[in-house]
Amino acid sequence: MTDVDFDDIFGALMPEATTIQTLDPLAAQPLPLDDGAQGLHNPWDWNDQAQADPLARSSLSLNTRDQAGSFSAPLKHRRSSSATQFAASKSQARPIPAPKQQKRSPTSSQTSGDNGTAMEDSVGPGSQPGSQSANAFKEALRQRSCQAQRNFRKRQKEKIEDLQSQLKQLTGEREALASRNRMLESACDMREEVLRRHRERVAAGTEAEEDDLARSFAGSVTLTLRQDDEVTLSPEQIKKMTDRDLARYWAQYVKELAVLLVGLEGRAQPPTPIVERIRGLVLQELLFLYIRVALTNMTSVKRFVATAKIEEVRVSLGTEGIGRWRDVVDAMALTHAQRKSIVALWRSFHAQLPQLVSARRDIHSGFAATIPSGLEGRDLAVQYLKAGELMDQLKKNLRQEHVLIHEFLSTFYAQKLNPIQMARCVVTAFPYYPDIPAITLWVAADYGVQDAIQTLRKLVPKSDTATLALLTPQT
């Protein structure tokens, strides 16, 4: 069997001047073989060369046929000619050692892959323009793919960081809510215990609350309208007194005071006995009876005040509405010092009353939320307890308002007026019960308090031009 020298074959295939791109990845420049040389694929890619060159294909086929012992003479001839050409090429260029390859026939896919790699590595001055464009497109596509992958990884990283931040925030909120829930459960347990004790006290003392207040005024009240026929009222009688009973006593005192005031007309200096008699009738009997009933039987007193008229009369009552209380103010003939003191009392009263009114408004709003939402027994029980608690708050609020009003009333009569002025106030207001808040409102308006003036302008009907004229500042 005759061996085929592939060096001879490559020498025969290579032209006189060829530039071979080195396969060494560390080599920066190609190895020039001759001026004007053309680019060529790697010389060891013999399969590609054999397909491109018929002469090479014939030489390669000799190797196969030589194994059968034929074509010896042509092979020797070509070998000698190839050796001559190869020797000439060696004298001009340095041979390039071929890389070691495995001794196996390459598959079609491997061959095509090697050819593609060789084409990409052999881009040189002699390469075709189409090959350069393809390589540039592949490089741009590769860079674009790498950039897209980097952007994708960056977005995924940012998304993960954002999710981790949200998870950390939600974890902190969950811990805070759990802590608050535990605190509220503890407070709820304490509140239930307090409510339980409060209900026990209420159940035991609701009936006795007003009794305790009545016992604080344990003494009886003696009425001396007629000196020969005194009337003594026990605490039980005072507690059971109705609004009509109170109105009857009030009318009797008004008539007695009216007689005494008539006896004082035309006297520059009122007699002391008459003044003391008036003081006793107003402070020690009439107002004392009224306050006792107000503290022990609030409902009867509220009905008495709400009725306004103590008794029906057929004579003309003069100015109606809120304007009538201006006549009462004029009848009392207050001094400047008294007006100033009454204005201070009025301001104190109107500073405390709005607080109670606001608290009651909140309680009323709370009642709307106690309506059961369904038919569950637990919901009905919870809303019942809430409504009961609001009722207790409302009752306390009403009692505070009631006490505030009667403290204001007592201070007005006992500390701001003299006995004759007290009698004139009660008699001039008849047959109505004296509306002390309205009377002090007129005093403040006459004193020049703008809040009082604005309030009266809202209360006085537009048809009452005479009263509105009193509220118009004089130019």
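Everything in the sequence shown is counted per this note's numbering, starting at 817 for the first residue and increasing by one.
The beta-carbon is built from N, C-alpha and C at its ideal position, and this holds for glycine as well.
The structure presented is a predicted model; accordingly, all values stated were derived computationally and were not measured.
(request) Would you identify the three-state DSSP class for Asp1251, choosing helix, strand or coil? (result) coil
(message) Rounded to whole angstroms, what is the Cα-Cα separation between Arg998 and Gly988?
(response) 15 Å
(request) Given a cut-off of 8 Å, decide if Leu1275 and Leu1287 are closer than it, judged by their beta-carbon atoms. (result) no
(message) Please give me, in chain order, every unbroken run of the alpha helix (DSSP H) with length at least 4 that falls completely inside the stretch 1069-1137.
(response) 1088-1095, 1104-1112 and 1114-1123
(request) Indicate whether Ala1268 and Leu1257 have their beta-carbon atoms separated by less than 8 Å. (result) yes
(request) Express the C-alpha separation of Val1078 and Leu1105 in angstroms, rounding to a whole number. (result) 24 Å
(message) Between the alpha carbons of Ile1090 and Pro1051, how many angstroms are there, rounded?
(response) 29 Å
(message) Quick check on the burial criterion: 16 or more other C-beta atoms within 10 angstroms. Buried or exposed for Glu1081?
(response) exposed
(message) Does the stretch 1196-1209 come into contact with the stretch 1169-1184, if we say contact requires no fewer than three beta-carbon pairs (one atom in each stretch) closer than 8 Å?
(response) yes
(request) Would you mind stating whether Ala1203 and Thr1186 have Cβ atoms separated by less than 8 Å? (result) yes
(request) Classify Ile1158 as buried or exposed, calling it buried when 16 or more other Cβ atoms lie within 10 Å of its own Cβ. (result) buried
(request) With distances taken Cα to Cα, identify the nearest neighbour of Ala1063 among Leu1103, Pro1086, Thr1088 and Val1075. (result) Leu1103
(request) Would you mind reading off the limits of the alpha helix (DSSP H) that contains Val1265? (result) Counting along the chain, Val1265 falls outside any alpha helix (DSSP H), and DSSP gives it neither H nor E.
(request) With 8 Å as the threshold, decide whether the Cβ of Leu1206 is near any Cβ in chain C. (result) No chain C appears in this structure, which consists of one protein chain only.
(request) Rounded to whole angstroms, what's the CA-CA distance from Leu1220 to Leu1284? Just pull it up for me. (result) 30 Å
(request) Could you check if Ala1282 is buried or exposed, using at least 16 other CB atoms within 10 Å of its CB as the buried criterion? (result) exposed
(message) Does Val1242 come out as helix, strand or coil in the three-state DSSP assignment?
(response) helix
(message) Please list the terminal residues of the continuous alpha helix (DSSP H) segment that includes Leu1206.
(response) Gly1193 to Thr1227
(message) Suppose you measure from the CA of Gln963 to the CA of Gln948; what does that come to, to the nearest Å?
(response) 22 Å
(request) Just the C-alpha distance for Trp1066 and Leu1201, rounded to the nearest angstrom, thanks. (result) 42 Å
(message) With the cut-off set at 8 Å, would you say Ile1252 and Leu1214 are in Cβ contact?
(response) no
(request) Would you kindly work out how many angstroms separate the C-alpha atoms of Lys975 and Asn967, rounded to a whole number? (result) 12 Å
(request) Give the single residue among Gln1199, Phe1183 and Ser1036 whose Cα lies nearest to the Cα of Gly1190. (result) Gln1199
(message) What does DSSP give as the partner residue(s) for Thr1038 in the beta ladder?
(response) Thr1048
(message) Given a cut-off of 8 Å on the beta-carbon distance, is the pair Val1144 and Tyr1249 in contact?
(response) no
(message) Cutting at 6 Å between CB atoms, please list the residues of its own chain near Val1047, excluding the five before and the five after it.
(response) Leu1039
(request) Report yes if the CB atom of His1218 is closer than 8 Å to the CB atom of Met1057, and no otherwise. (result) no
(request) In angstroms with no decimal places, state the Cα-to-Cα distance between Glu991 and Arg1108. (result) 59 Å
(message) Can you tell me whether Ala964 is helix, strand or coil according to DSSP?
(response) helix
(message) Val1098 and Pro1235 - do their beta-carbons sit closer together than 8 Å?
(response) yes
(request) For Asn997, name the three-state secondary structure that DSSP assigns. (result) helix
(request) Classify Leu1073 as buried or exposed, calling it buried when 16 or more other Cβ atoms lie within 10 Å of its own Cβ. (result) buried
(message) Measuring alpha carbon to alpha carbon, tell me which residue in Val1259, Ala950, Ile1255 and Met1238 is nearest Arg1095.
(response) Met1238
(message) Using only CA atoms, which one of Gly1137, Ser981 and Ala950 lies nearest to Ala1254?
(response) Gly1137
(request) Could you tell me whether the Cβ atoms of Val1259 and Arg1155 are closer together than 8 Å? (result) yes
(message) Looking only at its chain, what residues have a beta carbon closer than 6 Å to the beta carbon of Met1117, apart from the 5 residues adjacent to it on each side?
(response) The amino acid occupying residue 1117 in the given sequence is Val; Met does not appear at that position. For Val1117, where only same-chain residues beyond five positions count, the Cβ hits under 6 Å are Val1109 and Ala1110.
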